[in-house]
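A short write-up of the structure that comes next.
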Amino acid sequence: MGFLPVELKGRVAVVTGGNSGIGRGIAAGLASAGCSVVVAARNEAVSREAARELADEYGVRTLVVALDVKDVASTQRMADEVVREFGRIDILVNNAGVTGRASLTEMSEETWDHVVDTNLKGVFFCIQAAAKHMMAQRYGKIVNISSIAGLGWTDVGGINYGASKAAITQLTKGCARSLGPFGINVNTVAPGSIDTPILAVGRTPEQVQAYKENAIGKSAIGRLGLTEDIANAVLFLASDYASFIDGQTIAVDGGRFDLM
């Protein structure tokens, strides 16, 4: 498929959870556009491997930062470290997320908190940390990665996940209104079913296959999404071509007709 031919040379992009899955695809897309890319995630060893591959393939500067999005101090350290290294933060992609599956009556407080704290609180903390630098430079692009699980379709085993992703839509609107006067765009991409290893979390192989077949059957396009599909949407929103798009949630789901 390849990446959108967007020119972002000279920009500095942070991708949380950028060492695997959708995040790694987004990081590659931004690197292909000429961005310096910061891979911010918990597993530093995997992040170093991802950063090395980006640098080798695209010839861009990279930085690895250890990040726990649930920890406000960690997010502040991340933003400060990026500015020390590159002098600025132009693009923030809030991709880090987790899932923890359980039925409504069996879901523990720990499982609920782990998902909601990572997927919602973590996005807010990262925006808060990066925004002060973007406001000072009066420029920034923030793209939050949500899910169609927050737009009306929710797996009965992922109520916590769906709730956390739905909340990102309103968080995006509020942040867009707050940051728009500073030249900062805040938008959300809501992926449909993307063919990454996260589909297998909490599911048996048989359940994974059934999930994929169901998703394909409800897609007007008739396939699962690729990480490049999400990366290209992010590339557009991170570019100045999208300078008049703000506070929006864009579904990239292959035309899921159960959500239309």
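According to my numbering, the sequence shown holds residues 11 to 270 in order. For every residue, glycine included, the Cβ atom is placed at its ideal position computed from N, Cα and C.
Check                                                                                                                                                                 : Outcome
How far does the alpha helix (DSSP H) with Ser84 in it extend, from its first residue to its last?                                                                    : 82-96
How big is the Cα-Cα spacing for Val75 and Ala243?                                                                                                                    : 24 Å
In the DSSP output, which residue or residues are listed as bridge partners for Ile194?                                                                               : Gly150
Quick check on the DSSP output: the beta strand (DSSP E) that includes Ala50 runs from which residue to which?                                                        : 46-51
Let me know if Leu161 comes out buried or exposed under the rule of 16 or more other beta-carbons within 10 Å of its beta-carbon.                                     : buried
In the DSSP assignment, find the unbroken alpha helix (DSSP H) run with Gln38 in it and report its ends.                                                              : Checking the displayed sequence, the identity of residue 38 turns out to be Ala instead of Gln. First-last of the alpha helix (DSSP H) with Ala38: 31-42.
For Tyr171, which residues in the same chain have their Cβ closer than 6 Å to its Cβ, ignoring the five residues on either side in sequence?                          : Thr109, Val125, Ala159
Can you name the start and end residues of the alpha helix (DSSP H) that Ile178 belongs to?                                                                           : 169-189
Could you tell me which residues DSSP pairs with Glu235 in its beta bridges?                                                                                          : Residue identity differs from the one stated: residue 235 is Gly in this sequence, not Glu. Answer is Ile204, bridged to Gly235.
Would you call Thr85 buried or exposed, if buried means 16 or more other Cβ atoms sit within 10 Å of its Cβ?                                                          : buried
Start and end of the beta strand (DSSP E) containing Asn104?                                                                                                          : 101-104
Using CA coordinates, which residue listed in Glu95, Val56, Arg52, Arg58 is at the minimum distance from Asp78?                                                       : Arg52
Which residues in the same chain as Ile231 place their Cβ atom closer than 7 Å to its Cβ, once the five residues preceding and following it in sequence are excluded? : Gly264, Gly265
Report the rounded CA-to-CA distance for Gly31 versus Gln147, giving the unit in angstroms.                                                                           : 31 Å
Flag Val49 as yes when its Cβ comes closer than 8 Å to any non-hydrogen atom of the ligand GTP, and as no otherwise.                                                  : Absence of the ligand GTP from the depicted structure is noted, as is the absence of any ligand whatsoever, leaving it without description.
Let me know if Lys19 comes out buried or exposed under the rule of 16 or more other beta-carbons within 10 Å of its beta-carbon.                                      : exposed
Should Leu64 and Ala41 be called a contact, given that it needs their Cβ atoms to be closer than 9 Å?                                                                 : yes
To the nearest angstrom, report how far apart Asn197 and Gly97 are at their CA atoms.                                                                                 : 24 Å
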